[in-house]
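Protein chains in written order, with my numbering: chain A, 4 to 108; chain B, 15 to 413.
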């Protein structure tokens, strides 16, 4: 697609997915599934939203979450393509099930 | 049909004849009569348009952008502080390439507060990417208003345009104006077809998007190209207008230029006084010419080079000042000739700020200094005319 249009108009909407904002991240949230109580607070607070939620067997197949985590549904997984590393999930998690570690690139 | 109307009405009639569909406007002296007249047209059923009342000029131009992005012909009017309040939004209109036309009642800026004429308001918006036209008379206000739509909406251009009419000298002065027939204007500008992407739920698009460093300059280069192309389009539209309506327009209008040694360069209503003044000097055998700038953006560089290359003194007579340098037109004319071998001596004359009258006496002073320069005498580059310099120097503690 040509990115240069007159008036900077975007004629193919929905293409913000192409902008992988995950590259902005300095700190990375990591979910500890053993501690996670599936309260969905992180999913609710994520401003992107870069926390994916899988509720049933059907959506479960798509999740990259580790197998043992999928034994209990619903499950959340961080979409690192778009997570900017703002740390809100880490801050909000009531059981401290999210670690926030320096990104290693 | 000949009518007796004020300059503000010229702008209102231009919008009516152009069948403008949305007019978001906020009243300000001396432009208030434009929205008033349009409200009257709409109330009388003479004009089928949406009048949007807003809380400021900032909102007026923002609403104009929204309406234009939706794909209708839009017009608004303002002046002075109102135009200054629009400043940041003006860049958005031109950056989004929306062909909005705006009438400006050219007025001085505060402080001290002053409602009278000078060109400071539009000159301060020089770099916003809008085309700028300056009218000499109410007739020109009407004609340029109509032509501005044709030019702005041209598929090759898509840039917004301002049409300046001098505060009070034109905005509030009744003059005879030839009002074209609706049918003829319809034939001339045609049905509004937006040659740009509009807000349409059937064809979703993002307007007013983000531009990262890797793309931003390309969008600005596009505006540059459009403004350069506008020169040719303006000439074409002026030519076609003359063929249809019999009135001649040029980006730089030359008069008394044959053998001219001193040329006065003017804009707006002061041109009428200057024309009569130059006519009298010619009758005395003085080789003085006159150039009227109708278009300031795009700046008619090539035409000015051709017209002034063999002239001895080019005297810019202007109603604006850029503190720390000189008048805007002087600066641009000097830059136009910067790399030329053959060039005139270019002098600047700051006149008529805040509505001070520009009279024959003013112009005599201009020509007196220009004649000195012609003889090779030492004169200032930037000259303030009709100013009580002694009083100012006292106030500044220099006398």
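Virtual Cβ for every residue (Gly too), placed ideally from N, Cα, C.
Inset, instruction - For chain A, find out if any of its Cβ atoms is closer than 8 Å to the Cβ of residue 145 of chain B; answer yes or no. - result: Looking up residue 145 of chain B in the second chain gives position 131. Judged by the 8 Å Cβ criterion, residue 145 of chain B is not in contact with chain A.
Determine the direct distance from the alpha carbon of residue 61 of chain B to that of residue 30 of chain B, and round the result to whole angstroms. For the purposes of this step, residue 30 of chain B is taken as the residue at position 16 of the second chain. For the purposes of this step, residue 61 of chain B is taken as the residue at position 47 of the second chain. Going by the C-alpha atoms only, they are around 6 Å apart.
Would you report the Cα separation of residue 116 of chain B and residue 211 of chain B, rounded to the nearest angstrom?
-> Indexing the second chain from 1 puts residue 116 of chain B at position 102. Indexing the second chain from 1 puts residue 211 of chain B at position 197. The alpha-carbon of residue 116 of chain B is positioned some 21 Å away from that of residue 211 of chain B.
Taking a Cβ distance cut-off of 7 Å, strictly less, list which residues of the region 196-226 of chain B are near chain A, in chain order. The region 196-226 of chain B vs chain A, Cβ under 7 Å: 210, 211, 218, 219, 220, 221, 223, 225.
Mind pulling the alpha helix (DSSP H) runs of 4 or more residues that sit fully within the region 197-267 of chain B? With a minimum length of 4 residues, the continuous alpha helix (DSSP H) runs that stay inside the region 197-267 of chain B are 227-259.
Along the chain, where does the beta strand (DSSP E) that runs through residue 328 of chain B open and close? Within the second chain, residue 328 of chain B is the residue found at index 314, counting from 1. Run containing residue 328 of chain B: 327-332, per the beta strand (DSSP E) assignment.
### Message
Residues in the same chain with beta-carbon distance under 7 Å from residue 322 of chain B, minus the five sequence neighbours each way, listed in chain order, please.
### Response
In the second chain, counting from the first residue as 1, residue 322 of chain B sits at position 308. Once the five neighbours on either side are set aside, the close Cβ partners of residue 322 of chain B are 277, 328, 358.
- Task: For residue 4 of chain A, count neighbouring C-beta atoms within 10 Å of its own C-beta (all shown protein chains included) and say buried if the count is 16 or more, exposed if not.
- Result: Taking the first chain and counting its residues from 1, one reaches residue 4 of chain A at position 1. In this prediction, residue 4 of chain A scores a pLDDT of 48, lower than 50, which makes its location untrustworthy; no coordinate-derived value is stated.
Kindly indicate which three-state DSSP category residue 276 of chain B falls into: helix, strand or coil? Here residue 276 of chain B is taken as the residue at index 262 of the second chain, counted from 1. If DSSP states are grouped into helix, strand and coil, residue 276 of chain B belongs with the strands.
For the region 128-160 of chain B, list the beta strand (DSSP E) runs that are entirely contained and at least 3 residues long, ordered along the chain.
With a minimum length of 3 residues, the continuous beta strand (DSSP E) runs that stay inside the region 128-160 of chain B are 145-148.
field: Given residue 101 of chain A as reference, the closest of A/84, A/80, A/85, A/75 once Cα atoms are compared
entry: As a working note, residue 101 of chain A is residue 98 in the first chain. From the listed residues A/84, A/80, A/85, A/75, the smallest Cα separation to residue 101 of chain A is found for A/80.
For residue 11 of chain A, decide whether its Cβ has a neighbour in chain E, counting only Cβ atoms nearer than 8 Å. Of the protein chains in the structure, A and B, none is chain E.
Query raised in the report: Are residue 33 of chain A and residue 45 of chain A closer than 8 Å when you measure CB to CB?
Result: Along the first chain, read from residue 1 onward, the residue named residue 33 of chain A stands at position 30. Along the first chain, read from residue 1 onward, the residue named residue 45 of chain A stands at position 42. By the CB criterion at 8 Å, residue 33 of chain A and residue 45 of chain A fall outside the cutoff.
Apart from the five residues just before and just after residue 281 of chain B, which ones in its own chain have a Cβ nearer than 6 Å to its Cβ?
Along the second chain, read from residue 1 onward, the residue named residue 281 of chain B stands at position 267. Excluding positions up to five away in sequence, the list reads 148, 307.
Worksheet item: Which residues mark the beginning and the end of the beta strand (DSSP E) in which residue 39 of chain B is found?
Response: Taking the second chain and counting its residues from 1, one reaches residue 39 of chain B at position 25. Where residue 39 of chain B is concerned, the enclosing beta strand (DSSP E) stretches over 36-39.
Next item on the list: Could you work out which residue in B/250, B/403, B/379 is closest to residue 171 of chain B when comparing CA atoms only?
Entry: For the purposes of this step, residue 171 of chain B is identified with residue 157 of the second chain, where counting begins at 1. Comparing Cα-Cα distances from residue 171 of chain B to each of B/250, B/403, B/379, the minimum goes to B/250.
- prompt: Name the DSSP bridge partner or partners of residue 65 of chain B?
  reply: Position 51 of the second chain, counted from the start, is the residue given in the question as residue 65 of chain B. Note: residue 65 of chain B sits in a beta bridge opposite B/37.
Original post:
Can you find a C-beta in chain B that's less than 8 Å from the C-beta of residue 67 of chain A?
Top reply: For this step, residue 67 of chain A is matched to residue 64 along the first chain. The beta carbon of residue 67 of chain A sits no closer than 8 Å to any beta carbon of chain B.
> In the structure shown, what three-state DSSP assignment does residue 31 of chain A receive?
Replying inline: One-based indexing of the first chain puts residue 31 of chain A at position 28. Looking at residue 31 of chain A - three-state DSSP - the assignment turns out to be strand.
Near residue 285 of chain B, what residues of its chain come up, given a Cβ to Cβ distance below 6 Å and the 5 sequence neighbours on each side ignored? Within the second chain, the letter at position 271 stands for residue 285 of chain B. Within the same chain, residue 285 of chain B has close Cβ partners 150, 306.
Collapsed DSSP secondary structure at residue 380 of chain B in the structure displayed:
Taking the second chain and counting its residues from 1, one reaches residue 380 of chain B at position 366. Here residue 380 of chain B sits in helix by DSSP.
**Q.** Endpoints, the beta strand (DSSP E) within which residue 103 of chain A is located
**A.** The sequence position of residue 103 of chain A within the first chain is 100, counting from 1. That run of the beta strand (DSSP E) goes 101-105.
Comparing the C-beta of residue 229 of chain B with each C-beta of chain A, is any distance below 8 Å?
-> Along the second chain, read from residue 1 onward, the residue named residue 229 of chain B stands at position 215. Flagged as an interface residue toward chain A: residue 229 of chain B, by a C-beta distance shorter than 8 Å.
- Query: Going by the CB atoms, is the gap between residue 341 of chain B and residue 325 of chain B shorter than 8 Å?
  - Reply: The residue given as residue 325 of chain B occupies position 311 in the second chain. The residue given as residue 341 of chain B occupies position 327 in the second chain. No. Outside cutoff.
Extent of the continuous alpha helix (DSSP H) run through residue 348 of chain B: Within the second chain, numbered from 1, the residue matching residue 348 of chain B stands at position 334. Secondary structure note for residue 348 of chain B: its alpha helix (DSSP H) is the uninterrupted segment 342-350.
Exercise for review: For residue 274 of chain B, collect the residues of the same chain with a Cβ closer than 7 Å to its Cβ; drop the 5 residues on either side in sequence, then sort them by chain order.
Suggested key: In the second chain, the residue the question calls residue 274 of chain B occupies position 260. If we look at residue 274 of chain B and ignore the five residues flanking it on each side, its Cβ neighbours are 301, 302, 303, 325.
- From what residue to what residue does the beta strand (DSSP E) around residue 311 of chain B run? On the second chain, position 297 is the one that residue 311 of chain B refers to. From DSSP, the beta strand (DSSP E) with residue 311 of chain B extends over 309-311.
Whole angstroms are fine: how far does the CA of residue 216 of chain B sit from the CA of residue 228 of chain B? Residue numbering aside, residue 228 of chain B sits at position 214 when the second chain is read from its first letter. Residue numbering aside, residue 216 of chain B sits at position 202 when the second chain is read from its first letter. One C-alpha to the other measures close to 30 Å.
Taking C-beta pairs closer than 9 Å, name the residues in chain B that residue 50 of chain A reaches, listed in chain order. Residue 50 of chain A sits at position 47 when you count from the first residue of the first chain. Those within 9 Å of residue 50 of chain A in chain B number zero; the least Cβ separation is about 17 Å.
Once DSSP output is grouped into helix, strand and coil, what is the label at residue 20 of chain B?
Here residue 20 of chain B refers to the residue found at position 6 of the second chain. Note: residue 20 of chain B maps to coil in three-state DSSP.
Worksheet item: Since residue 6 of chain A meets chain B, which of its residues come closer than 7 Å, beta carbon to beta carbon?
Response: Here residue 6 of chain A is taken as the residue at index 3 of the first chain, counted from 1. Result: 229.
TODO: Along the alpha helix (DSSP H) that carries residue 100 of chain B, what are the first and last residues, could you check?
DONE: Numbered from its first residue, the second chain carries residue 100 of chain B at position 86. Per DSSP, the unbroken alpha helix (DSSP H) holding residue 100 of chain B starts and ends at 94-109.
Distance, residue 39 of chain B Cα to residue 10 of chain B Cα = This structure does not reach residue 10 of chain B, given that chain B is present from 15 up to 413, and the question cannot be answered.
Between residue 97 of chain A and chain B, is there a C-beta pair that is closer than 8 Å?
Mapped onto the first chain, residue 97 of chain A falls at position 94. No, no contact with chain B.
**Asked** Residues bridged to residue 363 of chain B by DSSP?
**Response** Stepping through the second chain from its first residue, residue 363 of chain B is reached at position 349. Answer is B/331, B/397.
Inset, instruction - Return helix, strand or coil for residue 47 of chain B, following the three-state DSSP convention. - result: As a position in the second chain, residue 47 of chain B is number 33, starting the count at 1. Reduced to three states, the DSSP call for residue 47 of chain B is helix.
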